[in-house]
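Read through the structure below, which is laid out as structure tokens, and then see the notes.
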Amino acid sequence: MSGTVFSPASCAMLASVLFGIGAFGIVSRRNLIVVLVAIEIMLNAANLAFVSFARLHADGPGGGLGQAAALFIMALAAAEAAVGLAIVLAIYRSRGTATTDGVDVLRG
Amino acid sequence: MDWNGLAHIGPAIVLMLGGAVVAFLGMILRREEGHILPLASLTIVGISAAMLAAAWPGSAWIMPLDAGGAVTSPGMAGAVIRKAFPSDGLAAWASATVLFAAAISLLAAAGSRLHSDKPGEYHALVLLTAAGMLLLSRSGDLLTLLLSLELVSLSTYALCASHRPDPRSGESAMKYFIAGSLGTALLVFGMALFYGATGSLSLAARPLQESYRGLLACGSGLMLAGFLFKAGAAPFHQWVPDVYEGAPTPVTILMAAGIKAAAFAVLARVVVTTLPSSAGPWDSSWAAVLWTSSMLTILVGNAVALRQSSVKRMLAYSGIAHTGYLLIALVGTPGGAESPGRAVAGMLYYLFVYGAAAAGAFGVVSLIRRGGRELETFEDFAGLGRERPAIALCMALFMLSLTGFPPLAGFFAKFAIFRDALARGETALVVTGVLASVVSAAYYLRVIMCMYGSQRRSATHRQSGAAPAVCAGASRPGEISGAMGQTGSAGAATGSAPGAGSGSRPEGDAAASAVQMPLSPAPGGTGAAAGGGRTAGDHASGPDEALDRDAPECSWAAELAIIIPAAAVVVFGVFPGLLGDLISRM
Amino acid sequence: MGLGDLIFLIPMFPLAGFLLSGLAGGALGRRGVSLASCGLPVLSFLLAVGVVSRIAGSGATIEQDLGRWISAGLLEARFVLRADRLSAAMLLVVAGVGTLIHIYSTGYMRHDRGYARYFAFLNLFLGSMLLLVMAGDLLLMFAGWEMVGLCSYLLIGFWYEKDANARAGMKAFVFNRIGDLGFLVGIFLTYYAFGTFDSARIREIACTGGVTDPVTGLFRAVPADLSLVPLICLCLFVGATGKSAQIPLFVWLPDAMAGPTPVSALIHAATMVTAGIYMMARLSFLYAMTPEVMAVVATVGAATALLGAIAALTQTDIKKALACSTISQLGYMVLGCGAGAFSASIFHLVTHSFFKAALFLCAGLAIHALGGMQDMPGMGGLRRRMPWTYGAAAISALALAGIPPLSGFFSKDAILVGTLGRVMSDGPSPGDPGGFLAILYAGLYIAGTACEALTAFYAVRWVALVFLGEDRSAPATGMEAGGAVAVSVGAGASVARGSYEHGEGAGKEPATMLAPAVALAFLAAIGSTLAMIPAGGGLTGFLAGAVAGPVGGAAEPSAGANYFAAAASAAMACLGALAAWFVYIRRGHVPASVPAGGLRAVSFRLFHFDAVYDAAGAAVLRLARGLCLAVDRILLDGLLVREAFGGGARRLGEILRRTQTGTVNAYAALMVFGAILILVCLVLAPGGGP
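Protein chains in written order, with the numbering used here: chain A, 1 to 108; chain B, 109 to 694; chain C, 695 to 1384.
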């Protein structure tokens, strides 16, 4: 399997790139919805890393663990998205906008 | 069914089931029966605590974890639970602190007039958070660790947002959510790399091949970042002041006292069990990371706390500073064979002591109201020593304990951590910590001086002494000694002048002002103007208002939420032996 | 259960009395308090007699180990009480004289409001001194030493309502503390040098270079730093100058008369000032190793003897004159220690405690009879009204004067002979080519002998002014009395009156007060026999093994020197006594209450030591205050706290506060940056990298 484009190592590299994109998104984007998407990208990057490493360890005793973890993280990402959207909604209701701009009463 | 294994997580299960019951109760109870919810929640916490005490681990202090993979024999549910949730002294003491924090938080919520429109959900979320913290503190497996951490995080995001009328509540929830999700993402990705290197999710896993060590180091590093975020250590600390200040104060109590304990428990477990396994050549760099973080945290927390005008925000920064002191206990711990137990025992004592003092101090902020608002600025505390002597005494005890003043518990906690760190050779950290503690006295004692040193201006128009300057001169906290020495300085008069001009705000009836916020929601208003307006408004309207009297049905809870931590701070300082094996291990 | 197991009771009896009177004084009533607080010291005295007879018979040391007292690491101090010949002799004196003074006090303090408190303190005083005497190691001795100091403070300031009394108590305490510091440093140095606090073991190590196991008889060498011995001896001597009122720390003693007169008697005779002499005798084997320190000690002693005697010449307060005399006599004892005649010093300590206690008790009787008057020019003629008191006082004063064959003559003579012995033996030696020490001791001997004349003069003067001549008291109290009367009467009478103004009236001599005085005078008269009986050379012989003998193995002075010294001192004493007789009895001279000026004033004011201390103390305090102020205000508060520390922290806080922008994206950026930093740190670590 190694040597092909879809080797676990290259999948892990892809996951890292995705993770970096997500992190950049959180840092740079002001729109709360986009920030939520960036968070999802990061979690999915982790998922990708988990399943690719599960493939790597497929023959070992912990081979199934990576896939199980990916499943749990999917559920977790869904829960995060739900709570996150609710919070964004609350912000939008009280301020009429859904950006991080100007949400800085608490500071200093 | 293997009940022995179930006993490990029994307290958490009780809390979860109780959370469901409370949520259901919240749906069926009428509004005037709302006081049942706090009682029910406290009962559930009590049952959980009783189960924790019944299953108190005997001898194991930090249970060694086996590095093997999954449990293969399917019928051994108890064995699985025991493996995933080891029961040892570390977990038990952290759990005790968590339950203490939850109880104080519930009392504070009952005592404050924080009535969210869905009280059942609020109490259920508190219980779920507590359950998550219990599980977090005894997670021996990365998957359970992640899930319990998320249980805590998601519940807390919602709790932060639970005070709808206050826009700051929503803002704090949003900030906590975004920063927290980033932290979670770091943790999860780190776990993935860790899994890649070890093929296991056990905390004690070893790299499969020598060439995986780099991968393991990256994974552990990202995980460490995630944990440092939860603990509120620099440079992952910036959410702490905003969230602590914006969240409803009972939730702040839960975060400051409970989540910190759980986060440090899991951090200690990682440092003691995981890091050495990935150690090898990276051993010293782990220590360097923790060392740097500890140093930065102490400096940032104390320095910025000096510059605060809001007591609640000052307490938040002080929480950061104490995170720094706590990190000292973990620096270099993997290095010594004997030291982990001692260092971790000192850390747990510190967590409990800090939790009690912080919970009590936030409780005072939350429960004593002036004109329907929480006591916010230093000036709001002026004259409290005369108006509410018992409460002021408790607040003074909290401040002195946080400073580290003997014979209060805070002193012995700091002493234990510093002494142990000195024994490990961390001289620079200890010197910084001690000096920072001295500096911290400036902002802690400022609260005491405001409470006792000055009177409300309404009562003291004639005497403008130096003491009001202590409170009014919020921007110059470093000059307290100067203000003490120079009675009647010019700064006193100018500093406290604005309050005199403004007319006294008519006091609404207690119920109405309870929900009334100092700042109207101001949709679309610019943040800068809003922030400035808040501060100015506080200074202008605060001084002439009398303290609100507590509503009769809540006052017992409010006072308990203050007196119990105060008693803990005194008793566990004077009789530390009451903490039994924890002290003997320090 | 032999006597050896009971010696702990000797100090415990008075300490029990302290608890009894102190805690249950009200319940016991005056009679009960008197019974308990006099009866318990009597028991101590009887036990002491038993101990002495045992020791005199067998010569063995009685030791009792009451268990561990302090344990800290390698340091261990055991609570050991020990009675050897030296402490046995002291026990007899302390318990005996102390008991007599207790009995006297029941009369003197009869009407005082603080009766139970007084006796509680008195018992504590006695018990502390007994503890000090019996202490087997230096730490326990220090405990007793401090307790004695505390009791002196409590009793000197007993009538604390009067400001001057409280201040006198404070003064005694403070000056004693200065000496205590020296003592404490000496103790620590001793421990450093010898590795033990136990005085017997220190002696063994110092003399033999090791310890011999008492059971197996095996000798084990113990390395000891003997080069420290001179420093140790000096430090210990500083302690002795405080407790035993030597130059320069003597100034507290004249003021200590502010307490009730029996307390003065106790302090001067039995319990307090003898502690320093006893301590030096106890450690005499250390002093014997350092001739240079001995010379210092002897010089200080002789100077103090002269100073005290000169000061006593002009005192007009009945108690202050005796206090100056005590300073002088203590100087003699220290001179004896410095000359290596430790047993002679102890001998003088014993006789001195007899006649000085008797004199103070007589003074108390006189004050009592005159309604609180203490000014001698206002007294006179008490001989007719108080014949028994007069007799006791006269005998004691002559003993003090050193008129043979009374006890004072023999004990002082022993000291002077010892000093003369040093002159004879300290010829030019390798360490002292010029024979400097011999010349020094010759000078000291001459000073001591000259001092005899002064002693006799002031002793006779004291008797003459108080008991002989015309009765000047009746009209004098109000009118003639000058400033000193006002002062002394003011100090003593107003408070003292409370204690006896309801008494039997002037002229009566209550039996409870008279009997102890007469008994002590009797002892003062026959005390000389201590030099002759027990056959083995008197008290000196009794003590021979317990204290160091003459330094450098010097032979006893020849018979000729002995006779010369005795004749010289007797002649000097008679000369002084005759002179005083001529001035104060024959001519009937009565001094003014306060000398007008000149040399008399210098003597009257004790060479202005107090004024110098006041000025120096004030100057030092001013200097320290200025220094502290400068350091605190400018350095600590100004530079360090406000600028460097506080200012730095504040500026840092302001900068960091601005980084908290309130925008969550910025927080996330910092977090990502931190995570990258951690990864970089780990990857760049030595040997790291994927």
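For every residue, glycine included, the Cβ atom is placed at its ideal position computed from N, Cα and C.
Arg1116(C) and Ala1033(C) do touch by the CB rule: their CB atoms are close to 5 Å apart, below 8 Å. According to DSSP, residue pairing for Asn859(C) in a beta bridge does not occur. Between Asn1359(C) and the set Leu253(B), Ala300(B), Phe486(B), Ala287(B), the nearest pair of CA atoms involves Ala287(B).
Not a single CB atom of chain A sits nearer than 7 Å to the CB of Val868(C). Looking at the DSSP output, Ala829(C) sits in a beta bridge with Leu775(C).
The three-state secondary structure of Leu769(C), taken from DSSP, is strand. With respect to Met835(C), Leu844(C) sits apart: the two C-beta atoms are not nearer than 7 Å. Any Cβ of chain B closer than 7 Å to the Cβ of Phe24(A) would place that residue at the interface, and such an atom is absent. Around Ala1088(C), the same chain offers Val1157, Phe1161 as residues with beta carbons nearer than 8 Å, after the five sequence neighbours per side are excluded. For the pair Ala517(B) and Ser509(B), the CB atoms are nearer than the 7 Å cut-off. The beta carbon of Pro705(C) lies closer than 7 Å to those of Gly821, Leu824, Leu825, Met828 in the same chain, with the five residues before and after it left out.
The beta carbon of Met74(A) does not come within 7 Å of any beta carbon belonging to chain B, so the residue lies off that interface. Distance from the CA of Val967(C) to the CA of Ser738(C), rounded to the nearest whole angstrom, comes to 21 Å. From the beta-carbon of Cys1375(C), the residues of chain B found nearer than 7 Å are Ser393, Ala396, Val397. When 8 Å is used as the limit between beta carbons, Val412(B) is near these residues of chain C: Gly1347, Leu1350, Arg1351, Gln1354, in chain order. Per DSSP, reduced to three states, the secondary structure at Val842(C) is helical. Identification of chain C residues near Lys283(B) by a Cβ-Cβ cut-off of 8 Å yields Val1358, Tyr1361, ordered along the chain. DSSP places Gly904(C) in the uninterrupted beta strand (DSSP E) bounded by 904-906. Legend: CB atoms of the segment 238-251 of chain B lying less than 7 Å from CB atoms of chain A belong to residues Leu251. Here the alpha carbons of Tyr284(B) and Leu1371(C) stand approximately 22 Å from one another. Look at Ile941(C) here: in three-state DSSP terms it is coil, with no helix or strand label.
In the DSSP assignment, Asp1011(C) is bridged to Asp1069(C). Asp274(B) sits in coil when the DSSP states are folded into three classes, being neither helix nor strand. Within the same chain, Val348, Pro349, Tyr352, Glu353 come within 7 Å of Ala424(B) by CB-CB distance, once the 5 residues on both sides are set aside. Ala1360(C) carries a helical assignment under DSSP once its states are collapsed to helix, strand and coil. In the same chain as Tyr560(B), and ignoring 5 residues on each side of it, the C-beta atoms closer than 6 Å to its own belong to Gly493, in chain order.
Taking 7 Å as the threshold, the shortest C-beta distance from Gly354(B) to chain A falls below it. The alpha-carbon of Glu229(B) is positioned some 14 Å away from that of Arg272(B).
Looking at the DSSP output, Glu534(B) sits in no beta bridge, so it has no partner there. Taking 7 Å as the CB threshold, Glu40(A) stays off the interface with chain B. Under the three-state reduction of DSSP output, Asp350(B) falls in the helix class.
Chain B has a Cβ within less than 7 Å of the Cβ of Ile91(A).
With fewer than 16 neighbouring CB atoms inside 10 Å of its own CB, Thr910(C) falls in the exposed class. Note that the segment 302-311 of chain B touches the segment 64-81 of chain A; at least 3 beta-carbon pairs, one per stretch, sit closer than 8 Å. In the structure shown, Phe913(C) adopts extended strand secondary structure according to DSSP, grouped into three states. For Asn1256(C), the enclosing alpha helix (DSSP H) has its first and last residue at 1253-1274.
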